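Add 141 to a position in the sequence shown, counting from 1, and you land on the number used in my numbering.
What follows is one structure encoded as structure tokens, with my remarks underneath.
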Amino acid sequence: MPSSAASYLSALSKADAQARRSHNSTPPGTPALSMSSSITAESELEDPFSLANDTDSTDLMRPRTAPTSEQVFTTVHAEFGHCANQDYRYTSEHGPDDDLSHVDVEPPYYILLSTYASYLLLIVMGHLRDFVGKRFRPAAYKDLKATNGYAPLSSDFDSFYIRRLKLRINDCFSQPITGVAGRTVTILDRTTQNYNATQELTGTTTRTLNISSYNYLGFGQARGGCADAVEACLQRYGVSTLGARLEGGTSDLHVLAEALVARFVGAEAAVISSMGYATNSTFIPALVGKGCLVISDELNHASIRIGVRYSGASVRMFKHNDMHALEALLREVVSQGQPKTHRHWKKILVIVEGLYSMEGTMVDLPGILALKKQYKFNLFVDEAHSIGAIGPHGRGVCDYFGIDPREVDILMGTFTKSFGAAGGYVAGSTALIDCLRVHGHSGPYAEAMAPPVLAQVVSSMASIMGVAPAHTSTSTLQPAHREPHPAAAPASALPAWMALPPAQRDGSEGHERLRRLAFNSRYMARALKKLGFITYGHPSSPIVPLLIFNPGKLPLFHRLMKDRATPIVVVVVSYPATPLVSGRVRFCLSAAHTKDDIDTVLGACDEIGDLLDLKHGVGERWPLEEIMERSVELVHMDVHE
């Protein structure tokens, strides 16, 4: 069944692609591209970083509609798609139709029963195979047995899920890539001869449509102003400062970047870390300790959970994004105090995320701030997925809701998503940040962020902010609380050697990327619902989870998407990263995607959804052709329509 289904859909997709290429071929009378738009010429449309043995990817390397002689694009289409239609733009901001609640949409009962039955069958068959295998193939289980006085390398019970469930779909994970993870990505083809126990490279590659990377604003490019800035920084600073921040690893570029980050998020000061995960796990223990209470959303990221464990503080969780549950918990902990002694808590810290990476939901920040005024707790907002991705100015959830960022005590974020770099930051008051520099474990123990990565952060952030002309800016970068927010970066915020193109300096390119991402996110989320799928998340979220439920359908969905005529790489997620019956595929939208790219993904989902019986959503359904034709109307449509 899976093999025949894959063959059928692959053949159908190839026929559609061939017909589309024939229909959209450039007519003989089309004028040739001018020299001024040579970046879109035939020679430039070929990705210079693609491998010679890439499979045919004409649909991905060239836009379906050939650009006119007046259109000038400054990007390689394979990295950042060419889309000049200004109708495919939207502004991400809070509106009256916003629904911030998270409601689990239940599928039909037969879907739930088949999902539980599938897991039960896998568990029973796995234990049966272990029982037989230990007696007839003991060599295969040597790592689970104590030998020569040494303990076994892994526990039989702990490794059961990996051996008997994950191994079956191992080809869907850890897919190696090469080249730029932009709009498209080149994957290294693999095969297995032992049922996924090991994967062997075939020596060939495949160019695929990339809808699985955290490249929200499309800054993950090998060409452009940011790439040029990184190259210039590499020549000036080398690859590393070779030390921790408190031990000779701080350069002038670190100081400049921290000041720019503070201005970007609207805080007094900021401190940066070389790893996003480590930002939470090393700075949270410096914020709270024994005698303190952390109130955490039940779906917070693992880095937050690790940081709280290291801190020694007490922790309580509340139902995801439920303000009534949070208020009930606050009343209890404030009135009861610490366990046993009932003394007042030294500090109460509420930790939430701006956007939740598995659900795509947005924090109810206005509701939390209303409770903050009443119960006087400290608020920590993790904006790893929201900073740079939402809000009319790309400044995160505070910008989205039009809230003064100074109302949030601690703003944390990462550079690995919207900025195409690495690392993270914590922003807040000057006194708080000075304390974190000394007491946070990143300062004395972690390697300082590499200068080329800092150059990527500074250049991409300046592209979003825009740079004020030199004669209108102050000579030094002033603290953010003395300037209006959001505001452009002063000319002094950039190093003298960092020369950004005009479109990046005036902020027009960053604004365009924000509006493209907002359109793509909203279009994808609403189109999937109109097709009949069950999806989670806020329509402005660049993360769109599509619920699949059954564990057997997860790998099949991944393989069918990758085997199409226009291959598509997706991320499938299952237990324990999600609840047992909530397996899903997680689409990650980018400003680099074009409207045609979204249509390609929707067409694949429509076909595969019918084949795998995935359309169990409620509400009015539209055919795919109507969704594609009315895309602009759908994006601007009220959520209740």
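All C-beta atoms in this analysis are idealised placements derived from N, C-alpha and C, irrespective of residue type, glycine included.
Every value quoted in this text rests on a predicted model; they were computed, and no experiment measured them.
Residue i burial status per 10 Å Cβ neighbour count (16 or more: buried)
{"i": "Ala280", "result": "exposed"}
{"i": "Val685", "result": "buried"}
{"i": "Gly651", "result": "buried"}
{"i": "Met266", "result": "exposed"}
{"i": "Val598", "result": "buried"}
{"i": "Tyr541", "result": "buried"}
{"i": "Thr345", "result": "exposed"}
{"i": "Gln227", "result": "exposed"}
{"i": "Glu494", "result": "buried"}
{"i": "Phe272", "result": "exposed"}
{"i": "Lys283", "result": "exposed"}
{"i": "Asp751", "result": "exposed"}
{"i": "Ile768", "result": "buried"}
{"i": "Ala419", "result": "buried"}
{"i": "Val406", "result": "buried"}
{"i": "Asn691", "result": "buried"}
{"i": "His777", "result": "exposed"}
{"i": "Ala549", "result": "The question names Ala, yet the displayed sequence has Val at residue 549. The residue in question, Val549, is buried, as its Cβ has 16 or more Cβ neighbours within 10 Å."}
{"i": "Ala443", "result": "exposed"}
{"i": "Thr339", "result": "exposed"}
{"i": "Pro683", "result": "buried"}
{"i": "Glu766", "result": "exposed"}
{"i": "Val522", "result": "buried"}
{"i": "Lys481", "result": "exposed"}
{"i": "Pro627", "result": "buried"}
{"i": "Tyr357", "result": "buried"}
{"i": "Glu774", "result": "exposed"}
{"i": "Leu285", "result": "buried"}
{"i": "Asn462", "result": "buried"}
{"i": "Pro764", "result": "exposed"}
{"i": "Ile303", "result": "exposed"}
{"i": "Leu658", "result": "buried"}
Beta-carbon gap between residue i and residue j smaller than 7 Å
{"i": "Glu500", "j": "Gly678", "result": "yes"}
{"i": "Phe698", "j": "Lys756", "result": "no"}
{"i": "Pro592", "j": "Val371", "result": "no"}
{"i": "Ala408", "j": "Ala568", "result": "yes"}
{"i": "Asn661", "j": "Leu552", "result": "no"}
{"i": "Val759", "j": "Ser353", "result": "no"}
{"i": "Ile528", "j": "Val412", "result": "no"}
{"i": "Thr391", "j": "Ser583", "result": "no"}
{"i": "Lys488", "j": "Val579", "result": "no"}
{"i": "Thr325", "j": "Ala219", "result": "yes"}
{"i": "Ile425", "j": "Ser455", "result": "no"}
{"i": "Ala714", "j": "Arg725", "result": "First, the amino acid is wrong: residue 714 is Val here, not Ala. Yes. Within cutoff."}
{"i": "Gly361", "j": "Gly323", "result": "yes"}
{"i": "Ser415", "j": "Gly564", "result": "yes"}
{"i": "Tyr355", "j": "Lys558", "result": "yes"}
{"i": "Phe221", "j": "Gly320", "result": "no"}
{"i": "Val475", "j": "Ile436", "result": "no"}
{"i": "Ser233", "j": "Ile531", "result": "yes"}
Cβ neighbours of residue i in the same chain (closer than 7 Å, five flanking residues each side left out)
{"i": "Pro642", "result": "Gly366"}
{"i": "Leu753", "result": "Lys694, Leu697, Phe698"}
Opposing strand residues paired with residue i [DSSP bridges]
{"i": "Asp523", "result": "Glu494, Met553"}
{"i": "Cys729", "result": "Ile684"}
{"i": "Glu341", "result": "Thr332"}
{"i": "Ala385", "result": "Glu588"}
{"i": "Thr571", "result": "Per DSSP, none; premise fails for Thr571."}
{"i": "Gly565", "result": "Ser414, Thr555"}
{"i": "Val712", "result": "Arg727"}
{"i": "Ala630", "result": "Val608"}
{"i": "Cys433", "result": "Lys488"}
{"i": "Ile531", "result": "For Ile531, which the question treats as bridged, DSSP gives no partner whatsoever."}
{"i": "Ile784", "result": "Outside the modelled stretch of the chain, which goes from 142 to 782, sits residue 784, for which no answer is possible."}
{"i": "Val326", "result": "Thr349"}
Contact with chain B by residue i, beta-carbon distance below 7 Å
{"i": "Phe521", "result": "Among the protein chains of the structure shown there is no chain B, as only one such chain exists."}
Chain-order list of residues whose beta-carbon lies under 6 Å from that of residue i (same chain, five-residue window excluded)
{"i": "Thr256", "result": "Phe690, Asn691, Val722"}
{"i": "Ala668", "result": "Leu743, Ile768"}
{"i": "Ala427", "result": "Leu577, His580, Gly581"}
{"i": "Ala611", "result": "Ala632"}
8 Å CB neighbourhood of residue i in its chain, flanking five on each side removed
{"i": "Gly274", "result": "Ala281, Tyr282"}
{"i": "Ala173", "result": "At Ala173, the pLDDT of 31 sits below 50, so the modelled position is not reliable and the matter cannot be decided from this model."}
{"i": "Thr615", "result": "Note on Thr615: pLDDT 47, under 50, position unreliable in the model; no value is reported."}
Residue i CB to nearest heavy atom of the ligand ZN below 6 Å
{"i": "Tyr541", "result": "Among the ligands in the structure shown, none appear at all, so the ligand ZN cannot be discussed."}
Check your understanding: Can you list, in chain order, the stretches of the beta strand (DSSP E) that have 3 or more residues and sit fully within the segment 664-710?
Key -> The segment 664-710 contains these whole beta strand (DSSP E) runs: 684-690.
Review point. Considering only residues of the segment 435-509, which uninterrupted beta strand (DSSP E) runs meet the minimum length of 3 residues and lie entirely inside it, listed in chain order?
Key: Within the segment 435-509, the complete beta strand (DSSP E) runs of at least 3 residues are 455-459, 488-494.
Check your understanding: In chain order, which beta strand (DSSP E) runs of at least 3 residues are fully inside the segment 716-772?
Key -> Fully enclosed beta strand (DSSP E) runs of 3 or longer: 724-729.
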